[in-house]
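A short write-up of the structure that comes next.
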Amino acid sequence: RLFVRPKKIVLDFEKGRAMGPVAGDVASDIIQNVASGIMQGVASDLVQDVQDGNKDFVGELSVTLVDARKLSFVLFGKTDPYVAMILGDQVIKSKKNSQTTVTGLPGEPIWNQDFHMLVANPRKQKLCIQVKDTVGFTDITIGTGE
């Protein structure tokens, strides 16, 4: 099952309208639990919206971010590296080193995180990876890769 990009979901039961995609099992629960014929029609439309939302994407990219080694860091102050991954218009940031369950040494952060991104065109889209560090109130880019 493909990941569906989250969009704003508005449910207004007084007007009998619902807009935005909802997961298929949630929409099925709405169909089973709502007695009103109007709401049943709206819930089945939500299932169709979820299916239509996946037509723009051909696959899902799974990324496991484990750790980094030999990162440059400043000797004074606290370093707090993280990774930003960009695929198309999707931008995902990892936890900062201080937010992880296992904190690595300076220059050797440990993240152990899994990410999932939608792929529209695997031949043209590239995953851009930026390793950044938070020094004080500013973020500096340590390195990049595609």
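Quick note, the sequence shown lines up with residues 1351 to 1496 if you use the working numbering.
Backbone N, C-alpha and C define an ideal beta-carbon position, used for all residues, glycine too.
Below 7 Å CB to CB, which residues in the same chain sit around residue i once its five sequence neighbours on both sides are set aside?
i       : result
Ser1448 : Asp1430
Ala1434 : Val1441, Lys1443, Gln1480, Lys1482
Candidates the options: which alpha carbon is nearest residue i's?
i       : options                            : result
Pro1456 : Val1433, Arg1473, Lys1428, Lys1443 : Lys1428
Gly1438 : Val1481, Val1408, Ala1470, Gly1495 : Ala1470
Met1467 : Ala1418, Ile1436, Leu1415, Lys1420 : Ile1436
Gly1409 : Arg1473, Leu1421, Gly1486, Thr1488 : Arg1473
Secondary structure at residue i, three-state DSSP: helix, strand or coil?
i       : result
Gly1391 : Low per-residue confidence applies at Gly1391: pLDDT is 43, beneath 50, and the placement is therefore not dependable, though the value from the model is reported in the following sentence. Reduced to three states, the DSSP call for Gly1391 is helix.
Leu1396 : Confidence at Leu1396 is low in this model, with a pLDDT of 42, below 50, so its placement is unreliable and the value that follows should be read with caution. DSSP places Leu1396 in helix when its eight states are reduced to three.
Which residues in the same chain as residue i place their Cβ atom closer than 6 Å to its Cβ, once the five residues preceding and following it in sequence are excluded?
i       : result
Val1452 : Ile1460
Check for me: the beta strand (DSSP E) holding residue i runs from which residue to which?
i       : result
Pro1431 : 1431-1437
Leu1411 : 1409-1417
Thr1488 : 1488-1495
Gln1440 : 1440-1443
Where DSSP assigns a beta bridge to residue i, which residues make up the other side?
i       : result
Gln1475 : DSSP, once it has assigned bridges, lists no residue as partnering Gln1475.
Lys1482 : Tyr1432, Thr1491
Asp1464 : Thr1414
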